[in-house]
Amino acid sequence: MIHKRIDEIRNFYGGANGNKDGDLAGMMLRDACFLICYMQEGETHTLIRQRLGMSGVLFVNRVVFMLENQIPLWLIFLIHPDHQSLLPEFLNNNVCGDNNKLTQLPWESGEEEEPIHLLEVVHRVEVYIEVIIDIPRSRRRMLHRVPVQLRRGKTHIYEPAVVSLGPYHHRRDPQLQLVEPFKDELRDIAEALTENAPF
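Numbering (the numbering used here), first residue to last: 21 to 219.
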């Protein structure tokens, strides 16, 4: 079924001419299956987390949302038998922080085009979340970096406002983005943990 739409996949990646049809289809199938397992809460998701360890999970959480790693959303829907519930459950668990809040996706009304990949899904839900559901920002579980425009005279200065870690964020205590030296320390700790991992 992926082979029949291989031209759409090539178009999504602006050609992907370096890969043969079979290789590209196989790569897309593996990536989509991994992403489905990542999105689903359950036994497979738990096994992935246990196998990767904390540093691996943190790495995957970052890599999954990089623009260059996105795969077509229709491909996930093509493979997953219950794709109607996959996306809302993932968003409720990872964006909203409450698995009963999000009942309708912003584009389901037909007024907007469907997003083309998971990164766009998360972005659009984050942007419209105040309209869709009424939950305090402090209860969301994903990392938020909100640029705030400040004006000093005629100069516009952009700087990060609050980085919220969902339930760990205190309403009155803003959490700013980590400074580079502290990020380096965290990387060193993650590398040390990876080297000492039992697998």
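Note that the Cβ used here is the ideal one computed from N, Cα and C, for glycine as well.
These numbers come from a predicted model, not from an experiment.
Beta-carbon proximity list for residue i, same chain, < 8 angstroms, skipping 5 on both sides
{"i": "VAL83", "result": "ASN89"}
{"i": "GLY130", "result": "none"}
{"i": "ALA45", "result": "ILE22, HIS23, ILE26 and ILE29"}
{"i": "ASN39", "result": "MET47"}
CB contact flag (residue i, residue j, <7 angstroms)
{"i": "ILE22", "j": "MET47", "result": "no"}
{"i": "LEU122", "j": "ASN112", "result": "yes"}
{"i": "ILE26", "j": "ASP41", "result": "yes"}
{"i": "ARG69", "j": "VAL77", "result": "yes"}
{"i": "SER75", "j": "ALA210", "result": "yes"}
Where residue i falls: helix, strand or coil (DSSP)
{"i": "LYS40", "result": "coil"}
{"i": "ASN31", "result": "helix"}
{"i": "GLY130", "result": "coil"}
{"i": "MET21", "result": "coil"}
{"i": "PHE85", "result": "coil"}
{"i": "GLY62", "result": "coil"}
{"i": "GLN70", "result": "helix"}
{"i": "LEU125", "result": "coil"}
{"i": "ILE26", "result": "helix"}
{"i": "ALA212", "result": "helix"}
Rounded Cβ spacing between residue i and residue j (contact assumed at less than 8 angstroms)
{"i": "GLN60", "j": "LEU106", "result": "7 angstroms"}
{"i": "ILE29", "j": "PRO92", "result": "7 angstroms"}
{"i": "HIS226", "j": "ILE136", "result": "In this structure the chain extends from 21 to 219, so residue 226 is not present and cannot be described."}
Extent of the continuous alpha helix (DSSP H) to which residue i belongs
{"i": "PRO108", "result": "103 to 111"}
{"i": "ILE136", "result": "Per DSSP, ILE136 belongs to no alpha helix (DSSP H) and is neither H nor E."}
{"i": "LEU98", "result": "93 to 99"}
Cutoff 7 angstroms; reference residue i; Cβ partners in own chain excluding five residues on either side
{"i": "PHE110", "result": "MET59"}
{"i": "LEU98", "result": "MET21"}
{"i": "GLY139", "result": "It should be pointed out that residue 139 corresponds to Leu in this sequence rather than to Gly. Once the five neighbours on either side are set aside, the close Cβ partners of LEU139 are PHE85, LEU87 and GLN90."}
{"i": "PRO108", "result": "LEU122 and LEU125"}
{"i": "ALA52", "result": "ILE91, LEU95, ILE96 and ILE99"}
{"i": "GLU132", "result": "PRO126"}
The ligand ADP heavy atom lying under 6 angstroms from the CB of residue i
{"i": "ARG50", "result": "This structure lacks the ligand ADP; in fact it carries no ligand of any kind."}
Residues of its chain near residue i, where Cβ-Cβ distance is below 6 angstroms and the 5 sequence neighbours each way are ignored
{"i": "VAL141", "result": "PRO135"}
{"i": "THR64", "result": "CYS57"}
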